[in-house]
Amino acid sequence: MMPKKHGVNWANRRKFQTKNLWAGILFGLGFVAFMDETVFHQLLHWHKFYDKSTVAMGLVSDGLFHAFSWFATVGGLYLVADLRRQDALWHKMFWGGKLVGGGAFQLYDGTIQHKVLRIHQIRYDVDIVPYDVVWNGSAIIMIAAGFLLIRSAKQDSRGAGQVKPHAV
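Sequence positions in the sequence shown follow this note's numbering and run 1 to 168.
Next up, the structure:
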């Protein structure tokens, strides 16, 4: 078994790398979906999940969307609790996954739901281009930052097995 470096169980982190990543992806996806639904659907009233029907159908679709976001969030947190129990929670890998999951949801929402399926737009009766640029641009930034964190976490893990001699 790999020795602990700075109190970190690197062997456990490596063993549970995928679980850490999926915990972050699920939590990030659920968190960003929850923020979208809370801010843009409920507080600002810019749109509903499904705008092409009645107000009642819009409310039902928002309720289902809200349930989906909470299931993803709770699923991610369940994985985090299990990782903590096994002394295998890897914060950098989790946060990388969180950014990738949140950014992927946002990019999917902004491209597939807004443009391809046209089930709703960010806003109506305004020039939508600036909103699309900010929405999709921030998603791409989150995904890129997440992949950089994941790569950095993997590099930390590789370097943990090397014992560096002390300078005399």
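Glycine included, C-beta positions come from ideal geometry on N, C-alpha and C. The model shown is predicted, which means the values in this text are computed figures rather than measured ones.
The three-state secondary structure of Gln121, taken from DSSP, is coil. Look at the segment 51-138 and you find these whole runs of alpha helix (DSSP H), each 4 residues long or longer: 55-85 and 91-108. Boundaries cannot be given for Phe40, as no alpha helix (DSSP H) includes it and DSSP labels it neither H nor E. Our two residues, Gly75 and Gly159, have alpha carbons roughly 31 Å apart in a direct line. Val126 and Asp132 have their C-alpha atoms spaced approximately 12 Å apart. Annotation: Trp46 is outside any alpha helix (DSSP H) and is labelled neither H nor E by DSSP.
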